[in-house]
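These notes are about the structure you will find just below.
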Amino acid sequence: MDPQHTVPRTSASSQPVDSVRLVVIDGPDASRAIEASGEQLSVGTADGNDLVLTDPQVSRFHVTLTCAPLGVSILDGGSTNGTFFEGARLERATVPIGAVIALGQSRVRIEKGGRVDVELLDSEGEPGFERFSARSAAMRRVLAQLLKAAQSEVSVLLVGESGTGKELLARALHERGPRKNGAFETVDCASLSPTLVGSELFGHEKGAFTGADRRHIGAFERAHGGTLFLDEIGELPESLQPMLLGALERKRFRRLGGRDEVQVDVRIVGATHRDLRAEVNAQRFRLDLYYRLAVVRLAVPALRERLDDLAPLVEHFAKDAHARPADLDRLLDASFLEQLRRHDWPGNVRELRNVVDATLAMGEPPVLISGDGVVTTLPPPSSTPSVGPQLALTPLLEQPYKDARQLVLHEFERAYLPKLLERASGNVSQAARDADMDRSHLWELLRRHGLR
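For the working numbering, count along the sequence shown from 1 and bump the result up by 341.
The structure is reproduced here in structure tokens:
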């Protein structure tokens, strides 16, 4: 084998997760069944869904089902005729295993599937991925999928809330892919007017429109041989969608106001905070363009879904801001981090960075505003770093030895066990090995402290 084409070894592990099985019990596709190969299944009439129905009253991307701790999470994709459970129309809800949902003329039963292994990436052992500070299973799963997608040249669509780090992921995809020596060009489709988006993508000739006093080379040409990152692609005007589709299919285009065709070879990575499948259902986004952009679709988790990454992210941002060791210790104080964990982080990782920078600059954290508009004022980080809940020893000295010892041990376990689980990314077997402890005893301690 040519050593230049050897796939680099990755630091990865796997995690078993529950899956779901769907059975169509009524409608044009009755008796059709499918089992998820991961945690999620999509249902609709368009190709690309896991369960493709022929029911004319079902939307193209009708509903998405995801395994959840208390059952199955249902997310309707803005369907025309809705998703119903026991007569109630659902937009976002959790239903139990065994539930029957109605889509158009069809009824689908949700059954429990088998256990499937999901690959997790050890970002600390992967060059270029250390910046993500990923300890949580949710983020390590995305990074494993990203690294796999990077080995090819297919288009990738990154979907997630604003501030989750989609551009950083796009750069990592480029840097670990076969086009890493080429250019990486970014076009923010949300920040430009329709005329300027077209010019920035395709370029223009002199005199193409008012103010075009010279030729402009667009991002497609500048990214030739490399990667073009289309940020907030969901904001692309409908008038430009056919032009983009044509450029992707034919790999050539004309500059605005030009006659000659320009041939290009680029890899496309898109990002959006919108659900483009819902936009397709609403006929605001072309289905054929969606297929071109979302050959691989990666859902980037919100910060509230990856709280195990909060402490390493705080440390990373503080070090990036050249924080003094004493300030770093205060930011990583257990009680301060616990306060941060209670926030829902509507601005995600970008908001967390602002909090760290403001705290270092002003000596106290800024006011936090939740997604529901609730205002929280955090106390300044403690000047005395702690490893967990503090014990007042003097009262204990007056108690019987057995009682005092039990209280000290209880407080130690309260501080030790969450950190142990965090280091092991929630894997109890790994945590038991790290602590040199019998797994059954660790399970008993976790149940005693309400951690399982």
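Don't be surprised by glycine CBs; every beta carbon is placed ideally from N, CA and C.
By the neighbour-count definition (other C-beta atoms within 10 Å, threshold 16), ILE558 is an exposed residue.
According to DSSP, PRO369 shares a beta bridge with no other residue. In the DSSP assignment, ASN390 is bridged to ASP388. DSSP places LEU651 in no beta strand (DSSP E) but in the uninterrupted alpha helix (DSSP H) bounded by 651 to 661. A direct Cα-to-Cα measurement between GLU502 and TYR742 gives close to 53 Å.
Between the alpha carbons of GLU705 and ARG625 lies a distance of about 45 Å.
Only exposed fits VAL708, as fewer than 16 other CB atoms lie within 10 angstroms of its CB. ILE438 and ARG671 have their C-alpha atoms some 45 Å from each other.
Note that the C-beta distance between SER496 and ILE609 is below 9 Å. LEU406 sits close to VAL384, with the two beta carbons spaced by under 9 Å. Distance from the CA atom of ARG633 to the CA atom of PHE594, rounded to whole angstroms, is 16 Å. In the structure shown, VAL769 falls within a helical segment according to DSSP collapsed to helix, strand and coil. Straight-line spacing of the CA atoms in ALA531 and THR718 works out to 32 Å.
With respect to the 9 Å criterion, ALA553 and GLU546 are classified as neighbours on the basis of their beta carbons.
The shortest CA-to-CA distance from ASP572 to any of ARG512, LEU589 and GLY518 is the one to ARG512. Counted as a single uninterrupted DSSP element, the beta strand (DSSP E) harbouring ASP458 occupies residues 447 to 462. Three or more Cβ pairs closer than 8 Å define a contact, and the segment 457 to 464 meets that threshold against the segment 365 to 384. The residues GLY611, LEU634, ALA635 and ARG638, in chain order, have a CB closer than 6 Å to that of LEU498 in the same chain once the five nearest residues on each side in sequence are set aside. About 5 Å separates the CB atoms of LEU363 and VAL449; that is less than 8 Å, so the two are in contact.
Spanning the alpha carbons of ASP661 and ALA491 requires a straight line of approximately 27 Å. Taking the Cα of ASP629 as reference, the smallest distance to any Cα among GLY587, ARG596, HIS515 and PRO687 is reached at GLY587. ARG433 places its beta carbon less than 9 Å from that of ILE415. Each residue's CA atom was taken as its position, placing LYS489 and PRO642 some 18 Å apart.
The C-beta of HIS515 has 16 or more other C-beta atoms within 10 Å across all chains shown, which makes the residue buried. The segment 596 to 636 is shown to contain whole beta strand (DSSP E) runs of 3 or more residues at 602 to 604 and 608 to 613, in chain order. Collapsing the DSSP output to three states places ILE574 in a helix. SER781 sits in a helix when the DSSP states are folded into three classes.
Contact between the segment 536 to 551 and the segment 679 to 687 is absent, with fewer than three C-beta pairs closer than 8 Å.
Taking C-alpha positions only, THR395 is separated from ARG373 by approximately 11 Å.
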